[in-house]
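Input: a single structure, listed below in structure tokens.
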Amino acid sequence: MMQSKLEKGRIRVAIWSLTEQSEKQKYTVAVEHSDTPEHIIREAIFKRIRCNDRYKSQENKCRAVEEFQSSYALKVAGSEQYFLLDCPISQYKYVRRCIAKGEVPQLMLMSKKHIYANLPSFEVRVPSYIRKAPSSLTPPSVNSKVIQLWRIDANFRLKITSATYVNVKDGDSIYVRVGIFHGTEPLCVIRESKYVPHSQPRWDEWIEFDLRVSDFPRSAKLCVSVCSVKRRNKNKDEHTMLCWGNLNLFDFRHRLLADKVSLNLWVVPKGLDETLNPLGIVGSNPMRDSPSIELEFESQSAPVIYPSLNDYKEYNSFIQGIDEKRKNNMDDGTNTQITKGEWNQLIDISKRDPLAEISEQEKEALWKLRLYCREIPDILPRLLDAVKWNSRDDVAELYLLLEEWPDVTPQVSLELLDCKYADLVVRKKAVEWLDKMSDEDLAQYLLQLFKRALLNRKIGHFFFWHLKSELQTSTQCLAIRFGLLLEGFCRGLDKDLKGLIKQVEAMEKLTKLTDSLKDRMNESVKDRLKFLSDQMRQADYMESLQFFRSPLENHTMLGNLDVSRCRVMDSAKKPLWLVWDNPDPLAEVQIIKIMDHIWHTEGLDLRMTPYTCLATGSQVGMIEVVDSTQLYKWIREHNKNKVDQAIETFTLSCAGYCVATFILGIGDRHPDNIMVSEDGQIFHIDFGHFLGHFKKKVCKGKENPIKSEEFARFQELCGKAYLSLRKHANLLITLFTMMLPTGITELQSINDIGYLRQTLAVEKTETDALAYFQSMFSDAYEQVKKAEIQEMPKHRLDLDGASSSKRPKDESPSSTKPGLKMNPHSALPYTPRYFELFRKRITLPVWEYRDKFLDLLGQHQCICLVGETGSGKTTQIPQWCAEYASKERKSVACTQPRRVAAMSVAQRVSEEMDVSLGQEVGYSIRFEDCSGPRTILKYMTDGMLLREAMSDPMLDAYKVILLDEAHERTLATDILMGVLKTVTTHRNDLKLVIMSATLDAGKFQNYFDNAPLMNVPGRTHPVEIFYTPEPERDYLEAAIRTVIQIHMCEEQEGDCLLFLTGQEEIEEACKRIKREVDNLGNEIGDLKCIPLYSTLPPNLQQRIFEPAPGRKSNGAVGRKIVVSTNIAETSLTIDGVVFVIDPGFSKQKVYNPRIRVESLLVSPISKASAQQRAGRAGRTKPGKCFRLYTEKAFKNEMQENTYPEILRSNLGSVVIQLKKTGH
């Protein structure tokens, strides 16, 4: 792209120099883009002496060039930037910027002698209080008596004595929670003290932890909190954290804390619901009136000191010498040949982003293959996640690995400085790797990282201003630390400190002037401008505000202040618009600048020009200003001879900002904060809302732009820019993670950073990620017609141009017919994805029953519906109910017996309704509520609806309630049926729909007073059933064998679904299947084994929807194996499943009334469950079901239906729940 802008592949450069009469003289030379500064200097010298009588012959001229070329250096005209590196001229940023703008680089020939003579000399002045260090700060002498940590053979004990100044607004008792953490990971079980009255906060209690003192890692910290407990009605306790504190267990001399310690605590951050805060500040609160807690650590006969690295080396050698297997690294498999499957697993883990979870199985695999991890250096953070930091053996092994670990990328080095990785050896290694970065690269991350400030003027400049601004905005504890850092830095500046002092004086003058103008808010603009001019013309102001380096860009010297062009702007803060002679605007907003750097690295020049901004104090800073005005006409007027180039610049920069604002979730975009420079560069200002924190607006229609070849090229360019940034997703996520403690309003928790993971599509393949981005691009294109913003949502009706009164009676406002252009739920145009899904929806068997269902819903209060597998009842019926309920502006609730079903169905329905998940369509499961005030359709587990009934017995929020999968007869579903039958007698407006997948619905009809029954046929493909000839002795072994046989022998493509009874069996099966496949060699296809059980985190449950591995070059089929409990029997449709393996068992809850104990027993399933499992194989194509039991057992020994849970449960809790609901 750059070469296309060169004239015959050459760069024209203007070289300025001074003649002997001190007059300016300019030479223009044309050089290759690969020429170095030394070559340009030779050309310039040659041109200068070409007509000099002193050098008449060509030989003399060449000799003069050789003599003087090493005495000069190139400098950017008007800026303190020098070209000192021996690299191609086109690699310098200034030159590249000139090429992009079509300008001639302006350089100066400077004498190196003059440059070096003006370099400041640095002398760090050590203050007297450092030279005379107190004895308490001196390190222990060699002969001083200490005890090594590993010699303490006891569990850690801590005495909690008392607390003071604890403010308890409401609480019966208070107690102390204590945990030992390494980074964010607890090293042992968190302990609690006894409860005491809040008026007498004294415990005098020793607490023992199940952690040996000898197993402490160096960066172990103690996390404590004082909590209150309030006894509520119904014996329910409410726990609240009142204050918290963190304390390093080892001091800076590596000594373990001992004796009594008084720790001043911190107030609880807003929004923190946990009862400990390991992410918080480590150390005592400096505020004297803060809450305080008295602790006592056990003392030894001498100070306990942490082992050195040499001690760890000796320990590692000692451990290896104990066992011959360990000596050969064979006991844990680290010396065995790694299989292809294991290598692929390491590659997959290394590509995950910093916030992605790693399962326990994967952690075990990482540690087992730790020696091979060195071949993938950037996997180091994931390996650290697998380390057991409370194991001395693991830590010793890790330190040994780190000594020989290859260099990691700068992005990974930054990640290792996150608080998650607290070990000092790891952090020291990360700093060593970062030290190898160039100054230019390091300067990009200065907001997250302070280093190398004294060695580079540019870095030091911003280091100074970042620290100074934080002094006024940080807590007192951090302000002290920053103050000490700033003092040390300033002492090392020596003579160069004067320049920074000049900048500080200028900023103080301007701040004082701005404050004075705020007091004149009621004066006219003319009077304020006169006051500004009069003040600036005073001698002390003119002296302070002229001839100093710009705080925005230290390379630029600001000259005379043009007071006549300075003015006061109209914003509430009354910012000053200041103009100096010939300022040289440079620098960028940090994250946008990093994105631009990434694009340049990937070969994309998108002409990004983020404006410069710098905080200089609390609520005070400087912003670079670039004028803007109208678009095409204005660009054409200012680029008469290069209109095409200006338009290309506009297109490229527009593409860059489109992608950047999408990924960062920057909202509040309107013409007032989108600027255009004279050469066509577009750029954004005022990033007040980001990471998806948008202002809510409702839009009104305008015409679409016309698509053209140029638009298609623009879309393709955006896609390339998106994929380039996506390759560096880990870097962007790491940078935001490191900024979490800064208190930025839009960046309060890990969940906010989750927005980046979503927009970067980190869990998708590159092809799927590009498809996702292009889909979002198309959605945005379709919504261009809605560019006129209206502030109030009262005009949401009939955005397609027709009012409700003009609609046909048979067409509801929320009709899903594809002829409707606007979505009545979101007031946005339907996207192409909606119509694509709509064409699939109308082919579902349930669709032709739509009118019949709505008629029944209008005529009856309760409906029983039997929908066979594949009918579409779970996704379509609730949408029709939402249409029905929208007339009264009420919501619809649809229950599911399992969490994963509620989440996946809600995701699918939100896509079909073309709305956002968590907005119009949401879900509610235990520990997670993804819904909001705009939610009109909520999927939830039956237990969550029952919980809502406790606080709202009449369930007034809902117009229609659907109980899906009622045939499963879970305890919560049966209770809900009783509750809802009572509610319907008091609420005639409430509609109830009971949906079942089996034909045994007569009992539901009878219970709900002969409710009408509606049958919907299913749409399943034929499933071939296979039985075993003899009963299997070990169903787990038989299941694993069947999976391997299917994968090896079945030529048909398709995934497998294996049903097992619980988490332990599933994880064991996954390990064994993976091991068996790895041992079969490379001739068979790849296999991805995915576990699924109820306690698995929701994001890991969603892995079942990932695509299967593709075919190999030899034609071997790749498959996905989902190993699941019975939660995959109903509701879930896992695309691609063709083979089902059914051992015939599940875990069922059983209550023994004699001993009053509930337990989970492995029991045979029912025929109904067996049919449901077999149906999973025929959802998308013909399939096969392998039943690992005999046909005789199926026909004669299995019961027809599973006993309802209510018949095998302790009903004590049921009675309490019913009392709570008022029934």
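Number 627 in the UniProt record's numbering belongs to position 627 of the sequence shown; there are no gaps in the numbering. Where is the CB? At the ideal position from N, CA and C, for every residue including glycine. Keep in mind the model is a prediction, meaning the values are calculated, not measured.
Quick check: the Cα distance between residue i and residue j, rounded to an integer number of angstroms?
i            : j     : result
Q1172        : T869  : 8 Å
D929         : Y923  : 6 Å
P269         : E543  : 45 Å
residue 1227 : M569  : In the structure displayed, the chain extends from 1 to 1223; residue 1227 sits before or after that span and is not available.
N1082        : R1119 : 14 Å
L149         : S214  : 5 Å
T36          : K388  : 52 Å
S413         : L400  : 19 Å
E274         : F252  : 29 Å
L1218        : K991  : 21 Å
K368         : W465  : 47 Å
G819         : A721  : Reliability fails at G819, whose pLDDT of 40 lies under 50, so the model's placement of it is uncertain and no value is given.
P897         : S904  : 13 Å
Q81          : Q69   : 19 Å
G245         : R157  : 18 Å
L187         : Y195  : 24 Å
I89          : H33   : 6 Å
D1086        : P278  : 41 Å
N167         : C223  : 19 Å
D435         : K428  : 11 Å
R833         : T649  : 32 Å
According to DSSP, is residue i helix, strand or coil?
i            : result
C864         : strand
H986         : helix
W580         : strand
G189         : Note that residue 189 corresponds to Val in the displayed sequence, not to Gly. If DSSP states are grouped into helix, strand and coil, V189 belongs with coil.
G922         : strand
residue 1224 : The requested residue 1224 does not occur in the structure, where the chain is confined to residues 1 to 1223.
P37          : helix
Q148         : strand
P1097        : coil
A949         : helix
V168         : coil
E103         : coil
E1158        : strand
F216         : coil
K468         : helix
T161         : strand
L369         : coil
F252         : coil
R899         : helix
Q25          : strand
List the whole-angstrom C-beta distance separating residue i from residue j, where the pair is believed to meet the contact cut-off of C-beta under 8 Å.
i     : j     : result
Q861  : V909  : Actually they do not touch by this definition, with Cβ atoms about 24 Å apart.
Q106  : A77   : 4 Å
K1167 : M1198 : 5 Å
E1067 : P1091 : 6 Å
Y306  : R218  : 5 Å
I1044 : E1076 : 5 Å
For the ligand SAM, any of its heavy atoms closer than 7 Å to the Cβ of residue i?
i     : result
Y1027 : Ligands are entirely absent from the displayed structure, and the ligand SAM is therefore not among its contents.
Is the stretch 1019-1026 touching the stretch 978-991, taking contact as three or more C-beta pairs under 8 Å? No: fewer than three Cβ pairs fall under 8 Å.
Please list the segments of the beta strand (DSSP E) lying wholly inside the stretch 1022-1101, counting only runs of 3 or more residues, in order along the chain. Runs of the beta strand (DSSP E) lying entirely within the stretch 1022-1101, each at least 3 residues long, are 1023-1027, 1055-1059 and 1087-1092 in chain order.
Write down every uninterrupted run of the alpha helix (DSSP H) in the stretch 1120-1207 whose length is 4 residues or greater and which is fully enclosed by it, in chain order. 1167-1175, all fully within the stretch 1120-1207.
Taking 8 Å as the cut-off, does the stretch 951-971 touch the stretch 889-905 (at least 3 CB pairs, one atom from each stretch)? Three or more beta-carbon pairs separated by less than 8 Å link the stretch 889-905 to the stretch 951-971, which places the two stretches in contact.
Quick check for students: name the residue ranges of the beta strand (DSSP E) that lie wholly in the stretch 872-896, counting only runs of 3 or more. For the stretch 872-896, whole beta strand (DSSP E) runs of length 3 or above, ordered along the chain, are 891-896.
Can you list, in chain order, the stretches of the beta strand (DSSP E) that have 3 or more residues and sit fully within the stretch 275-303? If we require 3 residues or more, the beta strand (DSSP E) runs fully inside the stretch 275-303 come out as 292-297.
Counting beta carbon pairs with one atom in the stretch 346-356 and one in the stretch 368-379, are three or more of them shorter than 8 Å? The stretch 368-379 vs the stretch 346-356: in contact.
At a cut of 8 Å, does the stretch 1170-1185 reach the stretch 1042-1058 through at least three beta carbon pairs? Taking 8 Å as the limit for Cβ pairs, the verdict is that the stretch 1042-1058 does touch the stretch 1170-1185.
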